[in-house]
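In our numbering, the protein residues as written are 2 to 146. Even for Gly, the Cβ is constructed at its ideal location relative to N, Cα and C. Source: prediction; values computed, not measured. Single-structure report; data block below.
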């Protein structure tokens, strides 16, 4: 089974959560989604998430890592893929340095991000994560944890 990571980069702006979505290169589908990638070898979910975040956005500094305890699976060309989800909070993020995999990025409200997502499992994951982050609130997620 292939192991993948989905990373929801988020920030609090005026008491509201904004999420970063990336637009895939047209040769890779051209759709909007959060940071995603493969978990390599014996990497932990956290290590893979932070590596993919750096590779796809250039972001290395963050406030918090939150684990919503969620994963899903799907069939990719006959092989099962398990996708583990993490969220990473940033404050005053630097400009995004897109990798070759992406052509654009946008910080969006929950509602706007939800409308822009292509895959149903991405929408379901955002719904679940957003509810959890609102319950936890801006200051209650453990630092760098």
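- Ranked by Cα distance from residue 18, the first of 115, 129, 109 and 73 is 109.
- Taking the Cα of residue 40 as reference, the smallest distance to any Cα among 106, 25, 9 and 2 is reached at 2.
- Collapsing the DSSP output to three states places residue 102 in coil.
- In the structure shown, the three-state DSSP call for residue 32 is coil.
- Comparing alpha-carbon positions, the option among 69, 58, 131 and 99 lying closest to residue 111 turns out to be 131.
- Annotation: residue 122 to residue 84 spans about 10 Å, alpha carbon to alpha carbon.
- When Cβ pairs closer than 8 Å are counted between the two stretches, the region 94 to 110 is seen to touch the region 9 to 25, the count reaching three or more.
- Counting every other CB atom within 10 Å of its CB across the protein chains shown gives residue 62 a total below 16, marking it as exposed.
- Under DSSP, residue 84 shares a beta bridge with 5 and 73.
- Residue 116 and residue 69 have their C-alpha atoms spaced approximately 21 Å apart.
- Taking all protein chains shown into account, residue 81 has fewer than 16 neighbouring C-beta atoms within 10 Å of its C-beta and is therefore exposed.
- In this chain, residue 18 is not harboured by any alpha helix (DSSP H); it is covered by the beta strand (DSSP E) spanning 17 to 25.
- A check of alpha carbon separations from residue 56 across 37, 64 and 27 identifies 37 as the nearest.
- DSSP places residue 66 outside any alpha helix (DSSP H); the residue lies instead in the beta strand (DSSP E), whose first and last residues are 65 to 67.
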